[in-house]
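Scroll down for the structure; my scribbles are underneath it.
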């Protein structure tokens with residue numbers, strides 16, 4: 243009778259340990275998924291912030307080019323022409339680099355803002 247009770251107790255303990263092991267394994271899998279998602283979100287957030295900063299620089303390059311009067315652009319001064327060309331090339335290279343990383347320039351004027359697609363810029 244004592245052996246039978248000991249066996250029942252051990253079987254019950256075995257089931258409890260199996261259940262605990264399954265719960266720990268499930269918890270570890272959930273933790274792994276959560277961590278992977280958090281790492282992905284952190285990278286995405288960091289890239290988005292960097293891209294936003296670079297878009298601001300690109301916008302300033304465009305503003306600088308747009309601020310040059312037409313008569314100044316027609317100037318024969320080689321140094322000034324080289325400066326304009328350098329700023330233009332820098333802007334194009336920056337936009338190209340951003341586009342290679344999934345950041346594309348949009349012209350959403352007149353379109354309805356879609357928060358699932360657009361990123362509001364200030």
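Numbering (this note's numbering), first residue to last: 243 to 364.
By construction, the Cβ of each residue, glycine as well, lies at the ideal position given by its N, Cα and C atoms.
Inter-residue Cα distance where the pair is residue i and residue j
i           : j           : result
residue 340 : residue 313 : 32 Å
residue 441 : residue 343 : In the structure displayed, the chain extends from 243 to 364; residue 441 sits before or after that span and is not available.
residue 331 : residue 275 : 43 Å
residue 289 : residue 298 : 14 Å
residue 309 : residue 303 : 10 Å
residue 259 : residue 243 : 24 Å
residue 349 : residue 294 : 16 Å
residue 264 : residue 355 : 47 Å
residue 262 : residue 353 : 55 Å
residue 300 : residue 323 : 19 Å
residue 346 : residue 336 : 11 Å
residue 270 : residue 277 : 10 Å
residue 385 : residue 255 : The structure shown does not extend to residue 385, since the chain is modelled only from 243 through 364, so no value can be given for it.
residue 252 : residue 286 : 50 Å
Local Cβ density within 10 Å of residue i, reported as buried at 16 or more and exposed below that
i           : result
residue 338 : exposed
residue 317 : exposed
Contacts around residue i, its chain only, beta-carbon distance under 8 Å, and the 5 residues preceding and following it disregarded
i           : result
residue 307 : 326, 329, 330 and 333
Residues of its chain near residue i, where Cβ-Cβ distance is below 7 Å and the 5 sequence neighbours each way are ignored
i           : result
residue 247 : none
Fully enclosed by the stretch 291-322, which beta strand (DSSP E) runs are 3 residues long or longer?
Within the stretch 291-322, not a single complete beta strand (DSSP E) segment reaches 3 residues in length.
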